[in-house]
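S.K.: Residue numbers (our numbering): 33 to 418. A single structure is presented below for examination.
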């Protein structure tokens, strides 16, 4: 079978599964940072300077493992990022594979009024000078640092992603379904990720509820609405890497988080597209909300929740993705994994609308191992016999 025929076969089946038109087998989906590079016996620094070497290391495991689609695979930065600015929030760990995020909350509890009045001023005149003072005292350093950071980002997001996508398609028939150029950030997540951090945001939700809501509304109007003015592409789908939602009470979620999420989902549905949502943590208490948006307008990547529960609770109205715990891949025998996968496929493939994937991304050495390979191959083979 030629590469184009393989791509056609896998892609056609992938869309029939998402459109609930009778898929022949359950599509298996990639979700990774750079753990495949460790499987290939290398470190990120060994290959990242050459796009083709990087793409080959990232896809080497597919010589042995069946995969139909790609939700996300790659890195948003290179190991060189540490050379350009200090402090750095995202870097690779000592193993040369695992990405590390160091959360640095910049905004203080008493600065909500500034955020509500003018987010741009708060960032440029208060937060950045506080975090990166040298950028504002050393002009030559600032010019060089900003130029290198921008170049690193462009290289990672454009060159590396596109090269890997081409290799995945042409050699292995794997279709990318997520458009990282269409990333959505719920205003609640924006405050959590970029302003107040984990502890600060959760405290603010209780102590400064009104100001938190007002800040969300400002961010929605100044950042989200302008970005959402353009009609989204039908495919690949826009995405949202959620963060704060599982730490909110159902009441907080419904009142503050969900209205923004719903508007974004409905925008995609109106354009006959979908959204892919990484449901980090547990969302079981708020799943019912996804019955209030158009059917199959979402691909819900299930993380800590049980995929079978997700299928029963919301899988009849939205596409669900998941089914294999990375912890199980690393800790269990394949005999144990196989029996669990039979249950997952038997339940979740009923009526289509199911994509098989791990709950979490493959980010560290050992996440890609023989159990993972055997699991993906088993799901492909077993689901064909149903």
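The beta-carbon is built from N, C-alpha and C at its ideal position, and this holds for glycine as well.
Using only alpha-carbon positions, find the residue among 382, 385 and 373 that is nearest to residue 403.
M.R.: It is 373.
S.K.: Measuring CA to CA, which of 178, 274, 52 and 85 is closest to residue 68?
M.R.: For the residues 178, 274, 52 and 85, the minimum Cα distance to residue 68 belongs to 85.
S.K.: Measuring CA to CA, which of 245, 384 and 156 is closest to residue 54?
M.R.: The option with the nearest alpha carbon to residue 54 is 384.
S.K.: Whole angstroms are fine: how far does the CA of residue 161 sit from the CA of residue 298?
M.R.: Spanning the two alpha carbons is a distance of roughly 38 Å.
S.K.: With residue 229 as the anchor, note down where its beta strand (DSSP E) starts and where it stops.
M.R.: Where residue 229 is concerned, there is no enclosing beta strand (DSSP E), although the alpha helix (DSSP H) it sits in stretches over 229-239.
S.K.: May I ask you to verify whether the segment 41-54 touches the segment 197-212, counting CB pairs closer than 8 Å and requiring at least 3?
M.R.: These segments touch.
S.K.: In chain order, what are the residue ranges of uninterrupted alpha helix (DSSP H) at least 4 long that sit wholly in the segment 180-262?
M.R.: Runs found: 193-204, 219-222, 229-239 and 241-251.
S.K.: Whole angstroms are fine: how far does the CA of residue 325 sit from the CA of residue 294?
M.R.: Distance between the alpha carbons of residue 294 and residue 325: 7 Å.
S.K.: Which same chain residues, not among the five before or five after residue 220, have their C-beta less than 7 Å away from its C-beta?
M.R.: Closer than 7 Å at the Cβ level, and outside the excluded window around residue 220, lie 248, 276, 288 and 289.
S.K.: According to DSSP, is residue 396 part of a helix, a strand, or is it coil?
M.R.: Of the three classes helix, strand and coil, the one that applies to residue 396 here is coil, per DSSP.
S.K.: Apply the 10 Å Cβ neighbour rule to residue 93 and answer buried if 16 or more other Cβ atoms are within range, or exposed otherwise.
M.R.: Buried, since its Cβ has 16 or more Cβ neighbours within 10 Å.
S.K.: Do residue 376 and residue 331 have their C-beta atoms within less than 8 Å of each other?
M.R.: It is not a contact, given that the beta carbons lie outside the stated cut-off.
S.K.: Suppose you measure from the CA of residue 307 to the CA of residue 268; what does that come to, to the nearest Å?
M.R.: Taking the straight line joining both Cα atoms gives about 9 Å.
S.K.: Once you ignore the five residues that flank residue 199 on each side, which residues in its own chain have a CB closer than 6 Å to its CB?
M.R.: Cβ within range, chain order: 87 and 91.
S.K.: Would you report the Cα separation of residue 419 and residue 60, rounded to the nearest angstrom?
M.R.: Within the shown structure, residues of the chain are numbered from 33 to 418, placing residue 419 beyond reach of any answer.
S.K.: Indicate the three-state DSSP secondary structure (helix, strand or coil) for residue 169 in the structure shown.
M.R.: Three-state DSSP puts residue 169 in coil, outside helix and strand.
S.K.: In its own chain, which residues sit with a C-beta less than 8 Å from the C-beta of residue 379, not counting the 5 before and 5 after it?
M.R.: So the qualifying residues of the chain are 340, 343 and 344.
S.K.: I'd like the list of long-range same chain contacts for residue 224, defined as Cβ closer than 8 Å, with 5 residues on each side in sequence excluded.
M.R.: Answer for residue 224: 230, 233, 275 and 276, listed in chain order.
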